[in-house]
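Read the structure below first, then the notes.
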Amino acid sequence: MKILGVIPSRYASTRFPGKPLIDILGKSMIHRVYEQASKARHLTKVVVATDDERIKDHVLAFGGDVLMTSPDHPSGTDRCYEALTLSEGTFDYVINIQGDEPMIDPQQIDALAKSFDGKTELATLIKTAIDYNDILNQGAVKVVLDVHSDALYFSRAILPFVKDVEEKNWTTEHPYFVHVGMYGYRADILRDITQLPVSSLEKAESLEQLRWLENGYKIKCVLTDKEGQCVDTLEDLQKVIEMLQQS
Numbered sequence: 003m004k005i006l007g008v009i010p011s012r013y014a015s016t017r018f019p020g021k022p023l024i025d026i027l028g029k030s031m032i033h034r035v036y037e038q039a040s041k042a043r044h045l046t047k048v049v050v051a052t053d054d055e056r057i058k059d060h061v062l063a064f065g066g067d068v069l070m071t072s073p074d075h076p077s078g079t080d081r082c083y084e085a086l087t088l089s090e091g092t093f094d095y096v097i098n099i100q101g102d103e104p105m106i107d108p109q110q111i112d113a114l115a116k117s118f119d120g121k122t123e124l125a126t127l128i129k130t131a132i133d134y135n136d137i138l139n140q141g142a143v144k145v146v147l148d149v150h151s152d153a154l155y156f157s158r159a160i161l162p163f164v165k166d167v168e169e170k171n172w173t174t175e176h177p178y179f180v181h182v183g184m185y186g187y188r189a190d191i192l193r194d195i196t197q198l199p200v201s202s203l204e205k206a207e208s209l210e211q212l213r214w215l216e217n218g219y220k221i222k223c224v225l226t227d228k229e230g231q232c233v234d235t236l237e238d239l240q241k242v243i244e245m246l247q248q249s
């Protein structure tokens, strides 16, 4: 099984321009993500997919593999597909690795990779929500599963609704899961989903994976006990720095 790990990386960002090149205790964000991803045992190759020459030159300077991709991609999924088409050789699966998680755990990447059996079309990570506050935040995407651990639906709303139980006690009455946000795609499925038009549910929830579900694709959900630490703001950056200093 050959698996390509792709780290989509854009310089432009409304909230945090230049984020991939920001220094974190002597190494850039993208350098730290690349190093962590490269520790995953099940990846055949790791590559950064960018649309910016500054990022390309930086990745080459630290010895990483990088591909220049179009600046017009609407999502990381689309950038991953172009990276797949530009990569030498053939790959069975692609894993989309978040470029703003400098402390990403290689074991999470491997856990997702282990779900690839040739039949798996798409896969992603989820985490059990223990506390009601874990599901209250609209930024925490909730996942409803079938008996095979395939996703039935993703939502920013609290799903499912537990009838006749006080809302604050829902997590003690029913298992809840939140989306961690790393995707794996079978190569042919990645090609197909990038050709799909934006769907109505995707527009409503602003969640691209709903487009795939609406079109009948299966998304295998893999349980993890770790949650990533994304860097979207300067406050997030400071938190990561403190965590690294304590590690």
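Residue numbers in the sequence shown follow the working numbering, run continuously in steps of one, and reach 249 at the last position. Just so it is clear, CB atoms sit at the ideal spot from N, CA and C, and this is done for glycine as well.
Could you tell me the alpha carbon to alpha carbon distance between residue i and residue j, rounded to whole angstroms?
i	j	result
residue 44	residue 112	6 Å
residue 132	residue 172	10 Å
residue 146	residue 209	14 Å
residue 20	residue 107	23 Å
residue 196	residue 162	29 Å
residue 191	residue 198	11 Å
residue 97	residue 73	20 Å
residue 119	residue 7	17 Å
residue 241	residue 232	10 Å
residue 194	residue 141	28 Å
residue 211	residue 238	25 Å
residue 116	residue 42	11 Å
residue 114	residue 186	7 Å
residue 149	residue 128	15 Å
residue 216	residue 207	13 Å
residue 48	residue 34	13 Å
residue 85	residue 69	7 Å
residue 59	residue 76	23 Å
residue 175	residue 137	14 Å
residue 78	residue 134	30 Å
residue 50	residue 126	20 Å
residue 94	residue 25	34 Å
Below 8 Å on the Cβ atoms is my guess for residue i versus residue j; work out the distance and round it to an integer in Å.
i	j	result
residue 4	residue 110	Incorrect: roughly 20 Å between the Cβ atoms, too far for contact.
residue 100	residue 230	7 Å
residue 246	residue 23	Going by Cβ atoms, the distance from residue 246 to residue 23 rounds to 17 Å, so no, they are not a contact pair.
residue 17	residue 234	6 Å
residue 104	residue 184	Contact flag wrong, Cβ pair sits at about 14 Å.
residue 157	residue 144	5 Å
residue 122	residue 188	7 Å
Could you please give me the residues that DSSP links to residue i through a beta bridge?
i	result
residue 186	97, 125
residue 144	157, 180
residue 3	Answer is none; residue 3 lacks a bridge partner.
residue 10	51
residue 221	124
residue 69	51
residue 26	29
residue 152	222
residue 131	178
- Stretch-stretch touch, CB-based, cutoff 8 Å, three pairs: the stretch 53 to 60 with the stretch 12 to 20: Contact between the stretch 53 to 60 and the stretch 12 to 20 is established, with three or more Cβ pairs separated by less than 8 Å.
- Message: I want to know whether the stretch 162 to 172 touches the stretch 59 to 68 - three or more CB-CB distances under 8 Å.
- Response: Output reads no: the stretch 59 to 68 does not touch the stretch 162 to 172.
- Message: Under 8 Å, with one C-beta from each stretch per pair, do the stretch 140 to 157 and the stretch 215 to 230 reach the 3-pair mark?
- Response: Counting Cβ pairs under 8 Å, three or more are found: they touch.
- Report yes or no: do three or more beta-carbon pairs, one from the stretch 75 to 91 and one from the stretch 174 to 181, lie closer than 8 Å? The stretch 75 to 91 is not in contact with the stretch 174 to 181.
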